[in-house]
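The sequence shown begins at 225 in our numbering and counts up by one.
Using N, Cα and C, we set each Cβ at its ideal position, and we do this for glycine too.
Note that the coordinates shown come from a computational prediction; the quantities given were computed from them, not determined experimentally.
To start, the structure itself, in structure tokens.
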Amino acid sequence: SIDVVDLTGFVKSWSSPDSIYGADLYPYDGEIPYVEVNGNFELDINDLLTFVDQWYYDKINVSLPKIAGNNSVQADERKEIRFRRGEKKFEFPIHFDKNDLKAFSATLKYDNSIFDIDSVYLNGKSISDEDINLIYTDSASGIIYCDFAKLKGKLNGDFTLSASVNSNLDKFNPKDSLILELKGINDKSETSLSKTIVYSMTEIPKDYNLSQNYPNPFNPTTTIEFDLPEPGRVHLVLYNILGQKVATLINDIRKEGSYRYLLDASKINGGLASGVYIYRFVANKFVSTKKLVLLK
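As structure tokens, this is what we get:
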């Protein structure tokens, strides 16, 4: 198997005028992967293309078993991807605190029954034409491989792995996640960094909405749900049937998303009496009111 460690070794040999043996891959006899390297003590585009061909052959023909399930993954970090229905691109920021890295790999694992990856590319301010950027999507296994190295110098700056995605949202549920495995290799060909990031998926609603509380009637607790398609200050206020304010339930700034509020009538003003109440939701320019019934 050819991986980011092999890429690091190739780059080190390419960058060292005193030791080109590990990068002198052309000419050769045979066909990849069964080749006998002859070399010519010179480094040029043919040597680079030979390594690239070997890398892609390995990824196309050597498939890894699909992970059993997200619950079996040990996450070093947990993050959130917030998306709107109909969006076609997910972005995965890649940041390294290490300053001795020569190369890194990013392996993205996903459920291919839900996500259909069209294309993947790596962005970064420090990326140049003198870098090796290898990406392969194994859609049958739900795995994306990305190996990156600089032919000159060491890695610096941040990167973003961007994926154009067609999501089968009919099968999507909030427990679904994407798994990103990162590995950084230093100039000694040692693993200097290794971590697994699990991304949970959160859909951002398209429109404002205030739902009817449930259960209704209730005693003493009920749930109020609302949708916020953009960030803003949220006011959720409870009134009695005469229009007098009973309690301010929410008064703060929220980011976009879907929310639930658990109203406990026993904890408001020493306990509310049975009756009909009104709850009013205000967010930016959206206003909505609904009735709820406390029945003891």
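Any idea which residues DSSP pairs residue i with across the strands?
i: residue 472; result: 461
i: residue 331; result: 369, 405
i: residue 254; result: 259
i: residue 533; result: What the structure shows of the chain is the stretch from 225 to 520, and residue 533 is not part of that stretch, so it cannot be assessed.
i: residue 477; result: 457
i: residue 433; result: 451
i: residue 421; result: 301, 404
i: residue 246; result: According to DSSP, which records beta bridges pairwise, residue 246 is partnered with nothing at all.
i: residue 387; result: 314, 344
i: residue 410; result: 325
i: residue 482; result: 451
Are residue i and residue j closer than 7 angstroms when you measure CB to CB?
i: residue 273; j: residue 238; result: no
i: residue 484; j: residue 458; result: no
i: residue 229; j: residue 428; result: no
i: residue 453; j: residue 430; result: yes
i: residue 417; j: residue 385; result: no
i: residue 304; j: residue 424; result: yes
i: residue 388; j: residue 343; result: yes
i: residue 329; j: residue 371; result: yes
i: residue 447; j: residue 486; result: yes
i: residue 411; j: residue 326; result: yes
i: residue 490; j: residue 439; result: no
i: residue 381; j: residue 350; result: yes
Counting along the chain, where does the beta strand (DSSP E) carrying residue i start and finish?
i: residue 235; result: Note, residue 235: premise wrong, no beta strand (DSSP E); alpha helix (DSSP H) at 228-239.
i: residue 283; result: Careful: residue 283 lies outside any beta strand (DSSP E), inside the alpha helix (DSSP H) at 269-285.
i: residue 308; result: 301-308
i: residue 348; result: 339-348
i: residue 499; result: 499-507
i: residue 515; result: 510-518
Would you tell me roughly how many angstroms separate the C-alpha atoms of residue i and residue j, rounded to the nearest one?
i: residue 277; j: residue 364; result: 21 angstroms
i: residue 481; j: residue 375; result: 43 angstroms
i: residue 433; j: residue 331; result: 38 angstroms
i: residue 289; j: residue 366; result: In this predicted model, residue 289 has a pLDDT of only 49, less than 50, meaning its place in the structure is not dependable enough to derive any value.
i: residue 225; j: residue 306; result: 35 angstroms
i: residue 236; j: residue 245; result: 10 angstroms
i: residue 495; j: residue 450; result: 24 angstroms
i: residue 253; j: residue 262; result: 7 angstroms
i: residue 466; j: residue 503; result: 12 angstroms
i: residue 464; j: residue 501; result: 5 angstroms
i: residue 269; j: residue 369; result: 23 angstroms
i: residue 462; j: residue 470; result: 5 angstroms
i: residue 513; j: residue 476; result: 18 angstroms
i: residue 301; j: residue 323; result: 20 angstroms
i: residue 242; j: residue 233; result: 14 angstroms
i: residue 488; j: residue 517; result: 13 angstroms
i: residue 348; j: residue 264; result: 34 angstroms
i: residue 360; j: residue 280; result: 7 angstroms
Would you say residue i reaches chain D, if we count a Cβ-Cβ gap shorter than 7 angstroms as a contact?
i: residue 442; result: Included in the structure is just one protein chain, with no chain D present.
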